[in-house]
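Heads up, the thing below is written out as structure tokens.
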Amino acid sequence: MKFSIFLLLILSLSAINADSLTLNYREQRYERAELFEAYEAFGVDDHIIQNEFEFFRYAGDIKGLMDQRLSDRKLWDDKYIITNVTPTKINSEDMVYVSYKNSWPERGDWIAAYSPPVYTAEEIAATVPVKFAWCDEGGPEYHVNGEGTLKFNMTNLRAGINFHIFSGGFRKMTHQNISAQEVTFINNNEQLRPRVLATGDPDIYTVVWSSDYTTKKPVMKWAWIPQGLGTQTEYHAVTDSIKQSDLCGFPANSIGWHDMGQINKANLTGMKDASNQKIYYTFGDAETDTWSDKIWEFHVPPKAGEQPPNRPTTLVLFDDLGRGSNDDAWTWYHYGAASFNTTKSVGYRVSQGEIDAVYHGGDISYAVGYEAVWDFFLSMLTPMSASVLYFTTVGNHEADWFHMADKPSTTTFYTGHDSGGECSIPAVKLLPQPAPATAAAPWWSYDVGLVHFIGMSTEHNFTTGSPQWKWLEQDLAGVDRSVTPWIVFGGHRSMYINSAYGPNVKGKYRANSDIAVSNLMIEHVEPLLWKYKVNLGFYGHMHTVQRQSAVLDHKVVQKSQPRVIDGLTWHHHEDPQATVQMTIGTGGANLMFNTNATQPAWNEMTMTKWGYALVKAVNRTYLTWEWVESSTDKVLDRMSIAQKDPSTDGVAFNCPSGFKVCGSEGTYEPTVVPTPTPSHYWGPNEPTVLPTPSPPPPCPPGMSHHWHSSECYPCSVGKYNPGYEHECIACDSLSDAKKY
Ligand SMILES: [Fe+2]
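Under this note's numbering, the first residue of the sequence shown carries the number 285, and numbering increases by one thereafter.
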């Protein structure tokens, strides 16, 4: 046992030393063209179809197309052959090489990896691949000789894998052949994907990791030096899992379902006394003596009010990540390839001890109901999540779903299907947030060094008087600025955003448009930020980078001024009397270019590149913000804030004249707005869409209502009826239809 720990130490340290900034990713060459093809084919509003999730819903209904195509052509046609799969026994993250020879090579030919393996048309129709790759990317002469080899980087999915060839892309997908060889994991019970998360108690963090269900005695141990692990106490982990029935709808609980394995959670205690130090930990199954394949190191952040010894409190912030990999394959569906660079770039800084915490403000993995994605995503995340505290807030792609009476986490603010039926459950179970966050009320705050961090949920009611609003006021009122002189506030959808996604051509706002949300946030949340002197607000959702002025109620309170230090230009704010706002929605998700050419006065900078923000609380009165491009590791924008020490100068901004937030006497008076009752139909700023007064009469068996309609439609029609917000998909009876 001691010998194996020693070997692990050597392996783990050499891995850290060998780490470098070798950054690469591939352009997402198919994605936009196929989306636009889908828009055109189905004539849908491009605000309805915003990503591949919708693309597959509308254009690639797996079951329907499979049924249709399998009847057209001979099954297992030998003109398409997978000639070799190697190796066939692998460990997590190993590369599998899949070779093929196709006699009718076309651009739309692709290889799918299924796990567990599938064999029949019925099995293929009932699930989706865990990864896929395009045949013409596997051989330079593919169009001539039909030959190629594709690399599949496989994370341990706790089940075997087989490979299938399809032609016809996704819209005309035709099954062609199946691999004779299958891949199995040497050990389905590998101990994987550590992430260290704050609990709310500053003395206790949680190490969360994934394993097979055969782990019966999950334990974690930590030590000050790696050699000390062999004799350390084993801390027992509690276990959790995500059941198919926990999830709320399509595709998460149907074709997208994939068991995410056992979730093990063990407490790291005594962390107050470990601040600013490096600790080492391992975890595994004590019963079978199965341990993580390396010793992990964790950088304990500074306690509240403390600085690291040789540098400022340093935070990494970004939104909208997704997942990428270094192979030829894409997860199903594919989204956020550039996240691979962000993870590597931030991970490198983490390995160098430069970072105290990472705060990922929503739109996390973009699994949106294709659950195997979470395994790939959490493996990608480990360079960051295993070694510093990892904070998240939920975005629309984790949370949003239609209200279901028996599932409290579905009480989200916006109607929509953006979570793909996940309704927050995978996000909050796999990446638990600090107290008091729960799946139904995912908001929290936490102190790291000189910074009080806040995570709000823009996906849950935040209007004046709502539970979240009351919590926020209470939290802000309780911040001791003599301990944490800086407040960094985060949520997913932007409070200030230069976006063309506002009113539609008829001048009507969609309730969840960027501008409608911005207006609502400014009306209800901004007064609290102003009242309690929040220094920095950051958000995402729109996949762009924007730096705004110190701004209040849509008006500039202070523009930044250029300040040159050592040849570098900083956009400086000297004692600003309002919050400086940011959008940093480019962790890795597809870039968005829907910025208005005419900038609002408060929008100082816009760029559309992938990267993250480095925030450094230099001391009690000086904070810097640098925006780093992931692929080059270059700082492309700099901002700084100087404030008077709030412990001596007060904890409120001065009241600027001409702002209603101040009131006539310079005091803050919130506008009390009744909290609407959540329903299927409820969305803010959309009063014309009212709840149906009484439910329409039930439909006969085999038919169902579409949302916003009292008419009955045959269930099968729903698949091809994109004019409705929510469709009856794959339902065979009225009771099935009601599930949606
Ligand atoms: Fe989003």
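C-beta: ideal position from N, C-alpha, C; glycine also.
No experiment lies behind these values; they were computed from the predicted model shown.
Less than 7 Å between the CB of residue 680 and some heavy atom of ligand 1, yes or no?
Along the sequence shown, read from residue 1 onward, the residue named residue 680 stands at position 396. Yes - ligand 1 has a heavy atom lying nearer than 7 Å to the Cβ of residue 680.
Given that a residue counts as buried once 16 or more other Cβ atoms are within 10 Å of its Cβ, and exposed if not, what is residue 950?
Taking the sequence shown and counting its residues from 1, the one referred to as residue 950 is at position 666. Here residue 950 scores only 45 on pLDDT, less than 50, and its place in the model should not be relied on; the value that follows carries that caveat. Exposed: under 16 other Cβ atoms inside 10 Å.
Ignore the nearest five residues each way along the sequence and tell me which others in residue 691's own chain have a CB closer than 7 Å to its CB.
Residue 691 sits at position 407 when you count from the first residue of the sequence shown. 532, 707, listed in sequence order.
Using only the alpha-carbon positions, how far apart do residue 322 and residue 847 sit?
For the purposes of this step, residue 322 is taken as the residue at position 38 of the sequence shown. For the purposes of this step, residue 847 is taken as the residue at position 563 of the sequence shown. Note that residue 322 has pLDDT 42, beneath the 50 cutoff, so the model's placement of it is unreliable and the number below is only indicative. Looking at the two C-alpha atoms, the distance is approximately 48 Å.
Between the beta-carbon of residue 737 and the beta-carbon of residue 772, is there less than 8 Å?
As a first step, residue 737 must be located in the sequence shown, where it is residue number 453. As a first step, residue 772 must be located in the sequence shown, where it is residue number 488. It is a contact, given that the beta carbons lie within the stated cut-off.
Just verifying my parser: in three-state terms, what is the DSSP assignment at residue 530?
Translated into the one-based positions of the sequence shown, residue 530 becomes position 246. Three-state result, residue 530: helix.
Would the stretch 716-725 count as touching the stretch 655-665 if we require 3 or more Cβ pairs under 8 Å?
No, because fewer than three Cβ pairs between the stretch 716-725 and the stretch 655-665 fall closer than 8 Å, the two stretches do not touch.
By how many angstroms is the C-alpha of residue 775 removed from the C-alpha of residue 931?
Within the sequence shown, numbered from 1, the residue matching residue 931 stands at position 647. Within the sequence shown, numbered from 1, the residue matching residue 775 stands at position 491. So the two alpha carbons sit approximately 26 Å from each other.
Residue 758 to residue 552, Cα distance in whole Å?
On the sequence shown, position 474 is the one that residue 758 refers to. On the sequence shown, position 268 is the one that residue 552 refers to. Going by the C-alpha atoms only, they are around 28 Å apart.
Buried or exposed: where does residue 587 fall if 16 or more other Cβ atoms within 10 Å of its Cβ makes it buried?
What you label residue 587 is simply residue 303 of the sequence shown in a count that begins at 1. That one is buried.
Alpha carbon to alpha carbon, how far is residue 469 from residue 444?
Here the question's residue 469 lines up with position 185 in the sequence shown. Here the question's residue 444 lines up with position 160 in the sequence shown. Approximately 7 Å, taken between the alpha carbons.
Using C-beta distances below 7 Å, list every residue in its chain close to residue 528, excluding the 5 sequence neighbours before and after it, in chain order.
Your numbering for residue 528 matches position 244 in the sequence shown. Cβ within range, chain order: 537, 541.
Give the straight-line distance between the Cα atoms of residue 901 and residue 860, rounded to the nearest whole angstrom.
Taking the first residue of the sequence shown as 1, we reach residue 901 at position 617. Taking the first residue of the sequence shown as 1, we reach residue 860 at position 576. Roughly 16 Å between the two C-alpha positions.
Could you tell me whether the Cβ of residue 660 comes closer than 8 Å to any Cβ of chain B?
Absence of chain B from the displayed structure is noted, only one protein chain being present.
With H, G and I counted as helix, E and B as strand and the rest as coil, what does DSSP make of residue 925?
As a position in the sequence shown, residue 925 is number 641, starting the count at 1. Three-state DSSP puts residue 925 in a strand.
With a 10 Å radius around its C-beta and 16 neighbouring C-beta atoms as the bar for buried, classify residue 306 as buried or exposed.
Looking up residue 306 in the sequence shown gives position 22. Its pLDDT being 26, under 50, residue 306 is placed unreliably in this model, and the coordinates cannot settle the point.
Starting from residue 826, trace the beta strand (DSSP E) both ways and give me its first and last residue.
Here the question's residue 826 lines up with position 542 in the sequence shown. It is not in any beta strand (DSSP E) - residue 826 carries neither H nor E in the DSSP assignment.
Using only the alpha-carbon positions, how far apart do residue 570 and residue 672 sit?
As a first step, residue 570 is located in the sequence shown; it is residue number 286 there, counting from the start. As a first step, residue 672 is located in the sequence shown; it is residue number 388 there, counting from the start. Computed Cα separation, rounded: 25 Å.
Using the Cα positions of residue 975 and residue 678, report the straight-line distance between them to the nearest angstrom.
Residue numbering aside, residue 975 sits at position 691 when the sequence shown is read from its first letter. Residue numbering aside, residue 678 sits at position 394 when the sequence shown is read from its first letter. The pLDDT assigned to residue 975 is 33, lower than 50, so where the model puts this residue is not dependable; a value taken from the coordinates is nonetheless given after this. So the two alpha carbons sit approximately 26 Å from each other.
Is it a yes or a no for the stretch 559-570 touching the stretch 502-515, going by three-plus beta-carbon pairs under 8 Å?
As far as the Cβ criterion goes, the stretch 559-570 touches the stretch 502-515, which means the pair count is three or higher.
Can you tell me the Cα-Cα spacing of residue 761 and residue 481, whole angstroms?
Counting from one through the sequence shown, the residue named residue 761 turns up at place 477. Counting from one through the sequence shown, the residue named residue 481 turns up at place 197. Near 25 Å, if we compare the C-alpha coordinates of residue 481 and residue 761.
Under the criterion of a Cβ to heavy atom distance below 7 Å, does residue 530 qualify as lining ligand 1?
Here residue 530 corresponds to residue number 246 of the sequence shown, with the count starting at 1. The answer is no for residue 530.
Of the choices 688, 880, 711, whose alpha-carbon is the least far from that of residue 1027?
An answer regarding residue 1027 cannot be provided, because it is not within the stretch 285 to 1024 covered by the chain.
What residue range is occupied by the uninterrupted alpha helix (DSSP H) comprising residue 631?
Numbered from 1 along the sequence shown, position 347 holds the residue referred to as residue 631. Run containing residue 631: 623-635, per the alpha helix (DSSP H) assignment.
Within the continuous alpha helix (DSSP H) that includes residue 426, where are the two ends?
Here residue 426 refers to the residue found at position 142 of the sequence shown. First-last of the alpha helix (DSSP H) with residue 426: 426-429.
Could you have a look at residue 909 and say whether DSSP puts it in helix, strand or coil?
Indexing the sequence shown from 1 puts residue 909 at position 625. Strand.
Apart from the five residues on each side of it in sequence, which residues of its chain come closer than 6 Å, Cβ to Cβ, to residue 497?
The residue given as residue 497 occupies position 213 in the sequence shown. Taken in chain order, the residues that qualify are 546.
For ligand 1, is there a heavy atom less than 7 Å away from the beta-carbon of residue 235?
Past the edges of the chain, shown from 285 to 1024, lies residue 235, and the structure says nothing about it.
Could you name the residues of the same chain whose beta carbon sits closer than 8 Å to that of residue 1025, not counting the 5 residues immediately before and after it, in chain order?
The chain is shown only over 285 to 1024; residue 1025 falls outside these bounds and no answer can be derived.
Which first and last residues belong to the alpha helix (DSSP H) in which residue 711 is found?
Counting from 1 along the sequence shown, the entry for residue 711 is found at position 427. Taken as a continuous stretch (DSSP letters only), the alpha helix (DSSP H) holding residue 711 covers 709-714.
Counting only runs that start and end within the stretch 671-701, where is the alpha helix (DSSP H) found for 4 or more residues in a row?
Taking only runs of at least 4 residues, the alpha helix (DSSP H) segments lying wholly in the stretch 671-701 are 680-683.
Can you check DSSP and say which residues form a bridge with residue 502?
Along the sequence shown, one-based indexing puts residue 502 at 218. For residue 502, which the question treats as bridged, DSSP gives the partners 569.
Is it the case that the Cβ atoms of residue 603 and residue 825 are separated by a distance below 8 Å?
In the sequence shown, counting from the first residue as 1, residue 603 sits at position 319. In the sequence shown, counting from the first residue as 1, residue 825 sits at position 541. Contact: yes.
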